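Protein chains in written order, with our numbering: chain A, 3 to 301; chain B, 3 to 301. We put the CB at the ideal spot given by N, CA and C, even for glycine. All of these numbers come straight from a predicted model, not from anything done at the bench. Shown next, in structure tokens, is the structure this report addresses.
Number of protein chains: 2
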Amino acid sequence: MSSVTVFEVGPRDGLQNEAAPIPTAAKIAFVDALTAAGLPVIEVSAFVSPKWVPQMADAAEVFAGITRRPGTRYTALVPNAAGLERAIAAGVTEVSVFAAASETFSRRNTNQSIDQSLVHYRAVVKAAQAAGIRVRGYLSTAFGCPFEGEVPIDRVVRLTQALLDLGVFEVAVSDTIGIAHPGHVKRALAALTANIAPGALAMHFHDTRGTALANVLASLDFGIRTFDASAGGLGGCPYAPGATGNLATEDLLYMLHGLGIETGVDLDAVRASSTAIEPLVGHALPSRYVRATSRSPSS
Amino acid sequence: MSSVTVFEVGPRDGLQNEAAPIPTAAKIAFVDALTAAGLPVIEVSAFVSPKWVPQMADAAEVFAGITRRPGTRYTALVPNAAGLERAIAAGVTEVSVFAAASETFSRRNTNQSIDQSLVHYRAVVKAAQAAGIRVRGYLSTAFGCPFEGEVPIDRVVRLTQALLDLGVFEVAVSDTIGIAHPGHVKRALAALTANIAPGALAMHFHDTRGTALANVLASLDFGIRTFDASAGGLGGCPYAPGATGNLATEDLLYMLHGLGIETGVDLDAVRASSTAIEPLVGHALPSRYVRATSRSPSS
């Protein structure tokens, strides 16, 4: 069944959504451990305003401290030209931009309409490319918006294409609120892959309703071969026991390896990476695999 | 995509694995609420030794107290002829017997070898049929055993067939320790359905490693149309936050309905049933759907 690229977002999307401040040295050790586990791409940090996201204020220090392994990609989220400048200064060679499929979500998160954000990102992508940096696009709230509810699939197709037209190499179609189920995924991917090569798509699922792995399974049938995941399920809301955000890398690997799909990643080593940072985030990691193997090591 | 039968095991398999003693009146109200939610079959209790399973000691009282809706099946687990006698006296019209696919698990749980248990169940099934009662078979540890590890698929096929040969109408192939992934499920169901009609099979998944819904999705492709689930995910270990046992009925319904599959069950009503009993079990329900909708009712 060939191979899959696991796009590790724990150090960025995971830690960004954790309340406890994590020391820079611990972040560096976390990224290095994920590198050693064999993850092919790691989103290390975000060059965003420290005022808005204090957890990511040390992005440059983290990039300066990690040991880069040849063949592993180290990426950063950049919201604008200023962020891109900082990323370039930090020696980053791949960045991500973040658009929304919901007008309300776009305005609340970026203070711009969707169309304004695309105009804006066009300039960011151009500047990145001029600096030899390739750009990934996230399309958030692609399956539903906390403010607007369900998002029409034709809009998701149009915006995914619009991001690709800007020059991003891949769009991570993202279920920001974890509401997608395989029925929805099949409809969305039927429409997306009718227009777009599956190699230009990644899927970013949240396990909020327990459907993330079923959504991955449905996506594999459409030729999707890149999935985002967060080590330990980092980023799960610490105030709601059992509620989770990002799909846990360990859970994803357990299923993919069970399907005979190669990832090049060592599941036990990822588990060791996330459990090493667990005491610092101040709550149990949401990953089901981590919880199951903590409870009864014999099974 | 036709319809699916959700086999509700919360009042039996769920509550049996909860540490807090639940008052009989609360159990009756729980079953009545599940009936009102439209569940087509509810495993109400078990006629087992109160010495071993004190939580199920009031099986007869629960059956006497519930309001039976025509068209809904109310079942009970019976371990032996004495249990069957008690079930018949309580007016039960459908029972389940419980075999294991692992020799060690069988000896530890029933003090019999697998072959001994089958000889034993042959008499139970005969006696049940003579009383006009139909019998379901569980095959536990069908994907792995806490003592023996992986269980060979050819043994699962042989024992499923052996149970059917005894006269059970359906075998619930059960992942007792929640270790199955879709790769395993596909291999097992390819072998099972090569020999056995899918209509004689049910799948009983635990969500311990987060794979339960993905396993259901894989099973649908093999024509499986009966799935066990526990309202609220009852039966999850109360001592390990985030660790769960049975697949939650709400999570299963969310996915099935999203796939356009009819169940005849009202998801919101099931959620109301399980959240009504939540304060009595003494911990948050593991169901991801319940947790997600408790946290942010707006999404």
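{"Query": "Beta carbon of B/L79, beta carbon of B/E45: below 9 Å?", "Result": "yes"}
{"Query": "Taking its Cβ as the centre, do 16 or more other Cβ atoms sit within 10 Å of A/V127, making it buried, or is it exposed?", "Result": "buried"}
{"Query": "Assuming B/A144 and B/A103 make a contact with CB atoms under 8 Å, what is their CB distance in whole Å?", "Result": "5 Å"}
{"Query": "From A/R293 to B/S5, what does the alpha carbon distance come to, in whole angstroms?", "Result": "33 Å"}
{"Query": "Tell whether a beta-carbon distance below 9 Å holds between A/K1 and A/V64.", "Result": "Not covered by the structure: residue 1 of chain A. The range shown for chain A is 3 to 301."}
{"Query": "Can you name, in chain order, every residue of its own chain whose Cβ lies under 7 Å from the Cβ of A/N19, other than the five neighbours on each side?", "Result": "G237, G247"}
{"Query": "List the residues of chain A that B/M257 touches, going by C-beta distances under 7 Å, in chain order.", "Result": "H183, P184, T213, A216"}
{"Query": "On a Cα-Cα basis, can you pick out the residue from B/Y123, B/G40, B/A174, B/F107 that is closest to B/E152?", "Result": "B/F107"}
{"Query": "Under 9 Å, Cβ to Cβ, is there at least one residue of chain A near B/S289?", "Result": "yes"}
{"Query": "Have a look at A/L17 and A/A214 and give me their C-alpha separation to the nearest angstrom.", "Result": "20 Å"}
{"Query": "DSSP three-state label for A/I44, please.", "Result": "strand"}
{"Query": "Does A/G266 get closer than 9 Å to chain B when you measure Cβ to Cβ?", "Result": "no"}
{"Query": "Identify the residues that DSSP records as bridge partners of A/F9: which are they?", "Result": "A/V43, A/D230"}
{"Query": "List the residues of chain B whose Cβ lies closer than 8 Å to the Cβ of A/A220, in chain order.", "Result": "L219"}
{"Query": "Closest to A/T7 by CA distance: which of A/V33, A/G40, A/D15 is it?", "Result": "A/G40"}
{"Query": "Which residues of chain B have a Cβ atom closer than 9 Å to the Cβ of A/D230, listed in chain order?", "Result": "In chain order: nothing, as chain B lies at least about 16 Å away."}
{"Query": "Alpha carbon to alpha carbon, how far is B/R136 from B/L166?", "Result": "12 Å"}
{"Query": "Can at least three beta-carbon pairs, one atom from the stretch 202-212 of chain A and one from the stretch 168-181 of chain A, be found at a separation below 8 Å?", "Result": "yes"}
{"Query": "Can you tell me the Cα-Cα spacing of A/V94 and A/A274, whole angstroms?", "Result": "26 Å"}
{"Query": "Check whether the Cβ atoms of A/F100 and A/N113 lie closer than 9 Å to each other.", "Result": "no"}
{"Query": "Do you know offhand how far A/S289's Cα is from A/L249's?", "Result": "8 Å"}
{"Query": "If we call anything under 9 Å between Cβ atoms a contact, is B/A233 one with B/F32?", "Result": "yes"}
{"Query": "In terms of residues, what are the limits of the alpha helix (DSSP H) holding B/L79?", "Result": "It is not in any alpha helix (DSSP H) - B/L79 instead sits in the beta strand (DSSP E) that spans 75-79."}
{"Query": "To the nearest angstrom, how far is the alpha carbon of B/I90 from that of B/D230?", "Result": "24 Å"}
{"Query": "Any Cβ of chain A within less than 9 Å of the Cβ of B/G284?", "Result": "no"}
{"Query": "At 7 Å on the CB atoms, spell out the chain A contacts of B/T210, in chain order.", "Result": "R290, A294"}
{"Query": "With a CB to CB cut of under 6 Å and the five nearest residues on each side skipped, what residues in its chain are close to A/G73?", "Result": "none"}
{"Query": "What does A/G372 touch in chain B if you count any residue whose Cβ is under 9 Å from its own?", "Result": "With chain A covering 3 to 301 only, the question about residue 372 of chain A has no answer from this structure."}
{"Query": "How is B/H208 classed by DSSP in three states: helix, strand or coil?", "Result": "strand"}
{"Query": "Is the beta carbon of A/H259 closer than 9 Å to that of A/T308?", "Result": "Residue 308 of chain A lies beyond the range of chain A shown here (3 to 301); nothing can be said about it."}
{"Query": "Out of A/E105, A/P42, A/Y76, state which residue places its alpha-carbon closest to the alpha-carbon of A/E150.", "Result": "A/E105"}
{"Query": "List, in chain order, every chain A residue whose beta-carbon is nearer than 9 Å to that of B/D177.", "Result": "What B/D177 touches in chain A: nothing, since even the nearest Cβ is about 12 Å away."}
{"Query": "On the CB-based measure, 16 or more other CB atoms within 10 Å of its CB, does A/G244 come out buried or exposed?", "Result": "Note that A/G244 scores a pLDDT of 44, beneath 50, so its modelled location is shaky; the value from the coordinates is reported in the next line. Counting Cβ neighbours within 10 Å, A/G244 comes out buried, since at least 16 surround it."}
{"Query": "Which residue's Cα is closest to the Cα of A/A271: A/I263, A/A199, A/A38, A/I24?", "Result": "A/A38"}
{"Query": "Which residues in chain A have a C-beta closer than 8 Å to the C-beta of B/G73? List them in chain order.", "Result": "Ordered by position in chain A, no residue passes the 8 Å Cβ test against B/G73, which lies about 27 Å from the chain."}
{"Query": "Scan the stretch 85-120 of chain A and note each continuous beta strand (DSSP E) run of 3 residues or more that stays entirely inside, going in chain order.", "Result": "96-102"}
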